[in-house]
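In my numbering, the protein residues as written are 273 to 662. Read the structure below first, then the notes.
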Ligand code: SF4
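Below, the structure is given as structure tokens:
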């Protein structure tokens, strides 16, 4: 039941400072905040509502739209952080027991519904008194809810894209990892762009309907460059890390859509982003699409420099949009002229055909026209005059 779940708050400086004292996980900010989030549950949320279990699953892989990938694994740093965080609260006495809370961290392979059902049953079967069938039905409902949620977001993104196309506006595709949706981890950079009027489309919720994918990837599929719209092998072969693959795919999407630009977010010391910095930038810029980035995001929020940077990018995007409108107008004018010329040629071609037909008939014959009889010779002269005039 939804009311039975308690979540830790969004990441904040206070939360980080309060929780980080318990221990440190070195590599990157997203893994360092695992301890503060558990601290927040025990020391703050538990006071507001009694918590029985802290559920912190070690998610090994994820469902994916990406096709022909080597694997769909989650970053091993974050999976290991779950156990490291547990150690931080048990190494000098079991704090979970002191709070009357049990820490549960099952290994879950979300890519397979069958495996997830088995792993969750092993974890919760006895604790919640579940039957196997009941557990499977619950997991099925969970997947249904997840895909519905994702599809609803994709439909909303599609509507945003259509609006951008109609009004010649610019949207920003965020190339980042799931936790970069947390305003405390993205340092509210996305909000700053929204304040300037740029819609934000996150990489995981870009529209994947047939019409959009055909428009963006259809030609490359026909040419045999890629096997499907979700194939990234043309630009990235080491596709075992799911969130890396998604980032690469979204970069391709942004590069192919005229109303989108790309904004990459990356955390300090991220061992998975480092090898694809150049790849992502080159994918985006190869089509002349603007690419911006905020790399090395850490616990310190350089608010002033973020603001200046966002405003500079905002200014650039304003100019970029003006150029885009002028360009689109030019393209439209050329297309209109081509259409007009094509119609003229077609008309002329039709008349020539009719004339060659008349050449083949007896000129002394006559036809009825407007109540009187006209000789075919006169009809031919009239038609020829029309061709000469046009
Ligand atoms: S993907 Fe990078 S930033 Fe994220 S947890 Fe892994 S190493 Fe850290």
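Yeah, the Cβ is synthetic: ideal placement off N, Cα and C, and Gly gets one too. Given the structure is predicted, the values throughout are model-derived calculations rather than measurements.
Check: residue 456 C-beta below 8 Å from any heavy atom of the ligand SF4: no
On the three-state DSSP scale, how would you describe residue 660? Interpretation of residue 660 is limited by its pLDDT of 49, a score under 50 that renders its predicted location unreliable; the figure taken from the coordinates is listed afterwards. Three-state result, residue 660: helix.
Residue 617 to residue 604, Cα distance in whole Å? 20 Å
Would you identify the three-state DSSP class for residue 595, choosing helix, strand or coil? Helix.
Does the Cβ-Cβ distance between residue 444 and residue 535 come in under 9 Å? Pairing residue 444 with residue 535 gives a Cβ-Cβ distance under 9 Å.
Apart from the five residues on each side of it in sequence, which residues of its chain come closer than 6 Å, Cβ to Cβ, to residue 344? 333, 334, 336, 383 and 514
Shorter than 8 Å, the distance from the beta carbon of residue 226 to the closest heavy atom of the ligand SF4, or not? As displayed, the chain neither begins before 273 nor continues past 662, which places residue 226 out of reach and without an answer.
Span of the beta strand (DSSP E), counted from its first residue to its last, around residue 444: 443–447
Cβ of residue 524 within 9 Å of Cβ of residue 504? yes
Quick one: measure Cβ to Cβ for residue 394 and residue 325, integer angstroms, because I've assumed they're closer than 8 Å. Not a contact, Cβ separation roughly 15 Å.
Is there at least one non-hydrogen atom of the ligand SF4 closer than 8 Å to the beta-carbon of residue 600? Answer for residue 600: no, Cβ out of range of the ligand SF4.
Take the Cβ of residue 427 as the centre, count every other Cβ of all protein chains shown within 10 Å, and call the residue buried at 16 or more, exposed below. Exposed, by the Cβ-count rule.
How would you call residue 306, buried or exposed, if buried means at least 16 neighbouring beta carbons within 10 angstroms? buried
Using alpha carbons as the reference points, say which of 342, 380 and 546 lies closest to residue 509. Ranking the options by Cα distance to residue 509, first place goes to 342.
Buried or exposed: which applies to residue 288, given that a residue is buried once 16 or more other Cβ atoms fall within 10 Å of its Cβ? Flag for residue 288 reads buried.
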